[in-house]
Structures are given as C-alpha cells and as structure tokens.
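Peer 1:
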Amino acid sequence: MERDYVLKIPEREFSEFNLLFCGYAECDPLHHFGSAVRSNYIIHIVISGKGSYTIGDRMYQLKAGQGFLIEPNVLTHYQADEHDPWHYVWIGFNGHTAKNHLDQIGLGGNKVTFETSQAHILKNIVFNMLKYGKHTISKEYYVQSQLYLYFANLAETTAILTHAEQAKDNHYVEKAIRFIQTHYEHPIKVTDIAQYVSLNRSYLSSMFQKNTGKTIQQCLTKFRMIRAEELLTLTDLSIAQITESCGYRDPLIFSKAFRKVNGCSPSQYRNQAPKRITE
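Here it is, written out as structure tokens:
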C-alpha cells in the first residue's frame, strides 16, 4: 500500500517534450509495483527511506538522494524496503525530444540509476507541479517551465551510479545490446549483430562475454524471454502471435526455449501468472 498524491496533466500542445503526470508517495514496507511495462518515461527520486529497482536480472538498491529512470516498453519492478520503506516523487513525460534531453544528462539505456544533491529541490518542483489547479493556458506554460526547471536541477549534480556490469561498459557491447533490444522481434543472428557493430563475429563474441558474463545468444534469448513473459501476462495475444513477436518462427522452438528458462510451457506460465496492473 502507498499513500500518494497524483496529478495527471490534460492533453497539451508541447508535443516535443511534455509532462504527463507527477506525484508523491509514502510507501508501506515491501509495497511494490510490477513487474510491468510503461508507455512513457518516468523518473523517481527517493526522498527518504530505501528500496530496490529491478530490470531483468539487474537489481539496484537505492536510498534517499538517489533515483531511477523507467523507459518506455521496458519490464521493471520496484519495491520499498521492509524496515525503512521509501518516500518518493515521480514525473512521467514523453515527446519526440525526450530521449535527447535524457541523453544530455547521461540517462538512458544501461544508465538508469543516479544520485543527486538536489533531491529536496526536485521534490519542491514536483510539489509545485501538484498545485497545477484549474486548466488554463497560463497553467500549461507554468507546468512546462517546471519540467525544464526539474531537468536543469537534475542535470546540475547528477552522478550515474556504477554497477558491476556498467563499470565494464564497452562501446561495442553497448551498441550490440541496443541492437538486440530494438531487433529482438526479428529472426536475427549473432552474425547480424556483428555486422551491425562492424566487428568480427568471434572478436565481438569474446568481448561481449568478457564484459557481460553472457554469450550474445544468451543475452538475445534472455531479452526475448522477458518480452514473452510480459506479453503472456499483460496481453491476450495467442501463443503463435507471441512466438512471432519474440523473434521466433517456429512455435515448438519458442516453447522449448521458454520451458528451458521458466520450467514450464508458455500456456502454463500464462495460467499461473497474476494479471498486472498499472499505477
């Protein structure tokens, strides 16, 4: 359970970069959200307490003065600490320049956690947003100005947290992972990835495993399985449709790969999994 205060912004004209919603929450011990996917960007700032943020097999332990980014269409889970549950503020935003703004402050991709000395300033900005009130054009411009002020303060002292995998980041490995993330629904092979990053297949494979502890094929399969789990839980798509959506052309090969990872068939997983909700 969480006690929260939320503002949802009406449809507005700032299509290049606009605030969609914001809020403040005081969470009970072990209160969690997800696993789930979102259709927009969301940034949480921890004001007090502790909690964890999980993406795939990566878990980050966060505390006051730190925060995390949720990107569109990425499966995530976050949970308040059992003994010192967190309070946090969040903003949700989109627009065709949103990614560029995140790039400018060093967030996105593998860099999804950060710390900032501006946490309480950012909290106050969100509280100002929560005072939006009656929908008028002047209020629209005011809230938009607060969004830019939020990013200005976040950019001023943001420091990306290091992580065992992040510390070993490599340009080619990161490029390969991004290719997997954006092309997993196609029947891509390791040779396609190597060609994309302009490296010899053997050299890339060696570099990839050294930096991630996994082979390229294992990473590709892992990402496809995460997507399959998400689609089985969140949608009513048929197994055949999910097979295609996850880059497989043969349902039997897909089911075999899924069973190897999850210990059950896709149909059994769907029947056992609870339906997800959105915050």
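Taking my numbering, the leading residue of the sequence shown gets 340, the next gets one more, and so forth. For each residue, glycine too, the CB sits at the ideal point set by N, CA and C.
1) Can you tell me which of 610, 611, 588, 562 puts its alpha carbon nearest to the alpha carbon of residue 395?
2) What is the residue span of the beta strand (DSSP E) that residue 428 lies within?
3) Using the Cα positions of residue 410 and residue 548, report the straight-line distance between them to the nearest angstrom.
4) Tell me which residue opens and which closes the alpha helix (DSSP H) that residue 522 is part of.
5) So, with DSSP's three-state summary, where would you put residue 606?
6) Quick one: give me the first and last residue of the alpha helix (DSSP H) that residue 542 is part of.
7) So residue 440 is in the beta strand (DSSP E); what residue range does that whole segment cover?
8) Rounded to the nearest angstrom, what separates residue 362 and residue 542 at their Cα positions?
9) Using the rule of at least 16 other Cβ atoms within 10 Å of the residue's Cβ for burial, across every protein chain shown, is residue 369 buried or exposed?
10) Assign residue 406 to buried or exposed, taking buried as 16 or more other Cβ atoms, counted over all protein chains shown, within 10 Å of its Cβ.
11) For residue 446, does the three-state DSSP call read helix, strand or coil?
12) Can you give me the C-alpha to C-alpha distance between residue 463 and residue 531, rounded to a whole angstrom?
13) Would you decide whether residue 506 is buried or exposed? Buried here means 16 or more other CB atoms lie within 10 Å of its CB.
14) Span of the alpha helix (DSSP H) holding residue 397?
15) How long is the line joining the alpha carbons of residue 419 and residue 521, rounded to whole angstroms?
16) Go through its chain and collect everything with a Cβ distance to residue 503's Cβ below 8 angstroms, but skip five positions before and after it.
17) Name the two residues that bound the continuous alpha helix (DSSP H) containing residue 601.
18) Check whether the Cβ atoms of residue 451 and residue 386 sit closer than 8 angstroms, and answer yes or no.
Peer 2: Taking the coordinates as given:
1) 562
2) 426 to 433
3) 25 angstroms
4) That run of the alpha helix (DSSP H) goes 510 to 522.
5) helix
6) 540 to 551
7) Note, residue 440: premise wrong, no beta strand (DSSP E); alpha helix (DSSP H) at 437 to 443.
8) 47 angstroms
9) exposed
10) buried
11) Secondary structure of residue 446 (DSSP, three-state): coil.
12) Rounded to whole angstroms, the gap between the alpha carbons of residue 463 and residue 531 is 48 angstroms.
13) Any reading at residue 506 must be qualified, since the residue scores a pLDDT of 38, below 50, and its modelled position is unreliable; no value is offered.
14) Element bounds for residue 397: not the alpha helix (DSSP H) but the beta strand (DSSP E), 397 to 402.
15) 31 angstroms
16) Note that residue 503 scores 37 on pLDDT, short of 50, meaning its location in the model is unreliable; the coordinates nonetheless yield the value given after this. Excluding sequence neighbours, residue 503 sits near nothing in its chain.
17) 590 to 601
18) no
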